[in-house]
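Participant: Sharing a structure here in structure tokens format.
2 protein chains.
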Amino acid sequence: MWIRWREEAWQTFVRDIEIGYVDRDIVRFIMDIFEKCRNIFTISSCSGRITLVDAPYPWVRKESTVVFKKHEAVSLDEVLNVLKQRCAYRLWIIASGPIMHFVANSLDVAQRLLNIARSCGFKHSGIISLRRDGIVVEVISGTWTSTLLKEGDTVLLESDKLAIVVKLFNDILLEGKSRLKALHEAILKSSL
Amino acid sequence: MWIRWREEAWQTFVRDIEIGYVDRDIVRFIMDIFEKCRNIFTISSCSGRITLVDAPYPWVRKESTVVFKKHEAVSLDEVLNVLKQRCAYRLWIIASGPIMHFVANSLDVAQRLLNIARSCGFKHSGIISLRRDGIVVEVISGTWTSTLLKEGDTVLLESDKLAIVVKLFNDILLEGKSRLKALHEAILKSSL
Numbered sequence: 001m002w003i004r005w006r007e008e009a010w011q012t013f014v015r016d017i018e019i020g021y022v023d024r025d026i027v028r029f030i031m032d033i034f035e036k037c038r039n040i041f042t043i044s045s046c047s048g049r050i051t052l053v054d055a056p057y058p059w060v061r062k063e064s065t066v067v068f069k070k071h072e073a074v075s076l077d078e079v080l081n082v083l084k085q086r087c088a089y090r091l092w093i094i095a096s097g098p099i100m101h102f103v104a105n106s107l108d109v110a111q112r113l114l115n116i117a118r119s120c121g122f123k124h125s126g127i128i129s130l131r132r133d134g135i136v137v138e139v140i141s142g143t144w145t146s147t148l149l150k151e152g153d154t155v156l157l158e159s160d161k162l163a164i165v166v167k168l169f170n171d172i173l174l175e176g177k178s179r180l181k182a183l184h185e186a187i188l189k190s191s192l
Numbered sequence: 001m002w003i004r005w006r007e008e009a010w011q012t013f014v015r016d017i018e019i020g021y022v023d024r025d026i027v028r029f030i031m032d033i034f035e036k037c038r039n040i041f042t043i044s045s046c047s048g049r050i051t052l053v054d055a056p057y058p059w060v061r062k063e064s065t066v067v068f069k070k071h072e073a074v075s076l077d078e079v080l081n082v083l084k085q086r087c088a089y090r091l092w093i094i095a096s097g098p099i100m101h102f103v104a105n106s107l108d109v110a111q112r113l114l115n116i117a118r119s120c121g122f123k124h125s126g127i128i129s130l131r132r133d134g135i136v137v138e139v140i141s142g143t144w145t146s147t148l149l150k151e152g153d154t155v156l157l158e159s160d161k162l163a164i165v166v167k168l169f170n171d172i173l174l175e176g177k178s179r180l181k182a183l184h185e186a187i188l189k190s191s192l
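If you read the sequences in order, they're chains F and W.
For the first sequence, position 35 matches number 35 in our numbering, and the numbering has no gaps at all.
For the second sequence, position 185 matches number 185 in our numbering, and the numbering has no gaps at all.
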């Protein structure tokens with residue numbers, strides 16, 4: 001059953017690449033997992049991104065709109081452009097670290113994956129589902145940060161202060177990417 | 001072995017209450033778990049809090065200093081007082097939701113606890129450790145938000161804008177507390 005799930009996940013991944021869904025900073029990593037790991041595969045993943053979100057709170061999905069999304073560093077101008085637009089609730093800038101969902105073929109493998117992930121700075125990782133066909137492990141770094149930019153139509157930061165925030169959020173994005181690189185290397189070195 | 005661990009956790013909890021460590025918004029909940037649940041107990045917990053942290057990044061522990069901490073709503077004056085002080089790196093305001101570490105006596109109990117936690121808004125929960133003497137489940141809500149207040153000695157927000165942020169962060173704290181209340185009720189209703 002685990003092998004069938006793996007096969008389906010591989011098909012989805014290949015299709016997503018063709019459509020252009022997959023962010024390019026993580027494609028090589030996922031390829032390596034499917035080609036070289038016999039006990040784990042991935043079902044969803046993101047290498048980290050910066051988003052500008054119009055939402056009452058940054059974690060809300062239902063009423064929120066992702067106004068801008070980029071898996072690389074953003075420029076001050078890109079943010080200023082979004083700030084000019086009207087905002088329904090609040091505008092948040094969010095730097096999200098990498099997140100990956102793995103499926104392990106045993107609890108022992110899941111535990112070893114968790115140990116590797118934590119040693120690479122993915123401290124908030126855990127087993128999120130125990131299924132007969134596989135153990136789902138969420139690997140996630142704590143490099144997540146948000147800052148409120150606008151409350152309704154009130155812009156909170158002047159441009160020079162906003163520049164400080166944008167630079168900082170780009171640094172945070174890159175910190176997440178470097179942890180992802182460490183995880184990639186550690187998993188290749190392991191016997192997972 | 002699980003029962004021995006439970007006994008130790010209970011002793012620690014009682015001692016922490018005597019010393020005054022435990023935040024009062026969660027004491028009744030933990031008491032109920034020890035008194036009424038036969039398959040789970042808690043080893044650490046926080047009902048949610050607002051902190052002001054001097055740190056390069058909000059998730060950094062090593063070089064960071066918690067300048068201010070409160071498990072209840074904060075006032076604008078309290079924040080302004082901290083803003084006046086010198087800052088080594090950056091000053092962040094952080095609203096953290098509740099976090100609890102449970103120890104379940106079986107995988108089945110852990111999975112049921114996870115389902116209950118998710119239904120009460122603790123979406124980032126997961127099994128973080130599989131030990132012979134118990135399964136450690138981290139129950140955590142996504143109601144975590146930070147905002148940068150100061151970069152070195154540069155204050156980013158004017159007082160009227162800061163007031164907006166403080167009000168919002170208090171709302172976020174209360175949202176976390178209301179999810180904790182829902183979790184408390186759901187666990188009491190369950191047969192865990």
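Note that the Cβ used here is the ideal one computed from N, Cα and C, for glycine as well.
Mind checking which residues open and close the alpha helix (DSSP H) that includes Met31 (chain F)?
Facilitator: Taking the first residue of the first sequence as 1, we reach residue 31 (chain F) at position 31. 24-36 is the extent of the alpha helix (DSSP H) around Met31 (chain F).
Participant: Report the rounded CA-to-CA distance for Glu151 (chain F) versus Arg131 (chain W), giving the unit in angstroms.
Facilitator: To locate residue 151 (chain F), count along the first sequence from 1; it is residue 151. To locate residue 131 (chain W), count along the second sequence from 1; it is residue 131. Straight-line Cα distance between these residues: approximately 46 Å.
Participant: To which residues does DSSP link Ile50 (chain F) through a beta bridge?
Facilitator: Taking the first sequence and counting its residues from 1, the one referred to as residue 50 (chain F) is at position 50. Ile50 (chain F) is bridged to F:Lys70, F:Ala95.
Participant: Between Val155 (chain W) and Leu76 (chain W), is the Cβ-Cβ spacing less than 8 Å?
Facilitator: Within the second sequence, numbered from 1, the residue matching residue 155 (chain W) stands at position 155. Within the second sequence, numbered from 1, the residue matching residue 76 (chain W) stands at position 76. Result no, Cβ atoms of Val155 (chain W) and Leu76 (chain W) do not sit closer than 8 Å.
Participant: Is the distance from the Cβ of Gly48 (chain F) to the Cβ of Lys177 (chain F) below 8 Å?
Facilitator: The count along the first sequence starts at 1 and reaches residue 48 (chain F) at position 48. The count along the first sequence starts at 1 and reaches residue 177 (chain F) at position 177. Yes, the Cβ-Cβ distance between Gly48 (chain F) and Lys177 (chain F) is below 8 Å.
Participant: Using the Cβ count rule (16 or more neighbours within 10 Å means buried), how would you classify Leu157 (chain F)?
Facilitator: Within the first sequence, the letter at position 157 stands for residue 157 (chain F). Buried.
Participant: Just list the residues that DSSP pairs Ser119 (chain W) with in beta bridges.
Facilitator: As a first step, residue 119 (chain W) is located in the second sequence; it is residue number 119 there, counting from the start. Answer by DSSP bridge pairing: none, since Ser119 (chain W) is not bridged.
Participant: Once the 5 residues before and after Ile25 (chain F) are set aside, which same chain residues still bring their CB inside 7 Å of it?
Facilitator: Position 25 of the first sequence holds residue 25 (chain F). The sequence given here has Asp at residue 25 (chain F), not Ile. The residues are Ser47, His71, Lys177.
Participant: Taking 8 Å as the limit between beta carbons, can you name the residues of its chain near Ala163 (chain F), skipping five residues before and five after?
Facilitator: In the first sequence, counting from the first residue as 1, residue 163 (chain F) sits at position 163. The residues are Leu76.
Participant: What does Glu138 (chain W) touch in chain F if you count any residue whose Cβ is under 9 Å from its own?
Facilitator: By one-based count along the second sequence, residue 138 (chain W) stands at place 138. Ordered by position in chain F, the residues that pass the 9 Å Cβ test against Glu138 (chain W) are His124, Gly126.
Participant: Please check the pair Trp5 (chain F) and Gly134 (chain F), which I expect to be a contact at CB under 8 Å, by giving their CB distance rounded to whole angstroms.
Facilitator: Start at 1 with the first residue of the first sequence, and residue 5 (chain F) comes out as number 5. Start at 1 with the first residue of the first sequence, and residue 134 (chain F) comes out as number 134. Contact holds; Cβ gap of about 6 Å.
Participant: In angstroms with no decimal places, state the Cα-to-Cα distance between Ser45 (chain F) and Lys69 (chain F).
Facilitator: To locate residue 45 (chain F), count along the first sequence from 1; it is residue 45. To locate residue 69 (chain F), count along the first sequence from 1; it is residue 69. Their backbone Cα atoms lie some 15 Å apart in a straight line.
Participant: Using a Cβ cut-off of 7 Å, pull out every chain F residue sitting near Gly142 (chain W), in sequence order please.
Facilitator: Start at 1 with the first residue of the second sequence, and residue 142 (chain W) comes out as number 142. Those within 7 Å of Gly142 (chain W) in chain F are Trp59.
Participant: Could I get the ranges of all uninterrupted beta strand (DSSP E) runs contained in the region 97-185 of chain W, with 3 residues as the minimum, in chain order?
Facilitator: With a minimum length of 3 residues, the continuous beta strand (DSSP E) runs that stay inside the region 97-185 of chain W are 99-104, 126-131, 134-140, 145-151.
Participant: Could you name the residues of chain F that Ser64 (chain W) contacts, counting a contact when the two beta carbons are closer than 9 Å?
Facilitator: On the second sequence, position 64 is the one that residue 64 (chain W) refers to. In chain order: nothing, as chain F lies at least about 13 Å away.
Participant: Within 8 Å (strictly less), CB to CB, does Gln111 (chain F) reach chain W?
Facilitator: Numbered from 1 along the first sequence, position 111 holds the residue referred to as residue 111 (chain F). Yes, contact with chain W.
Participant: Which of the three DSSP states is assigned to Arg90 (chain W) in this structure?
Facilitator: In the second sequence, counting from the first residue as 1, residue 90 (chain W) sits at position 90. Strand, per DSSP.
Participant: Is Ala88 (chain W) closer than 8 Å to Asp54 (chain W) when the C-beta atoms are compared?
Facilitator: Reading the second sequence from its first residue, position 54 is the one you call residue 54 (chain W). Reading the second sequence from its first residue, position 88 is the one you call residue 88 (chain W). Against a cut-off of 8 Å, the Cβ pair of Ala88 (chain W) and Asp54 (chain W) comes out as a contact.
Participant: Tell me, please, whether the CB atom of Val103 (chain W) is closer than 8 Å to any CB atom in chain F?
Facilitator: In the second sequence, the residue the question calls residue 103 (chain W) occupies position 103. It does not; no Cβ of chain F falls within 8 Å.
Participant: Could you name the residues of chain W that Lys161 (chain F) contacts, counting a contact when the two beta carbons are closer than 7 Å?
Facilitator: Indexing the first sequence from 1 puts residue 161 (chain F) at position 161. Chain W residues near Lys161 (chain F): Leu156.
Participant: Please confirm if Leu168 (chain F) has its CB atom under 8 Å from at least one CB of chain W.
Facilitator: The sequence position of residue 168 (chain F) within the first sequence is 168, counting from 1. Yes, contact with chain W.
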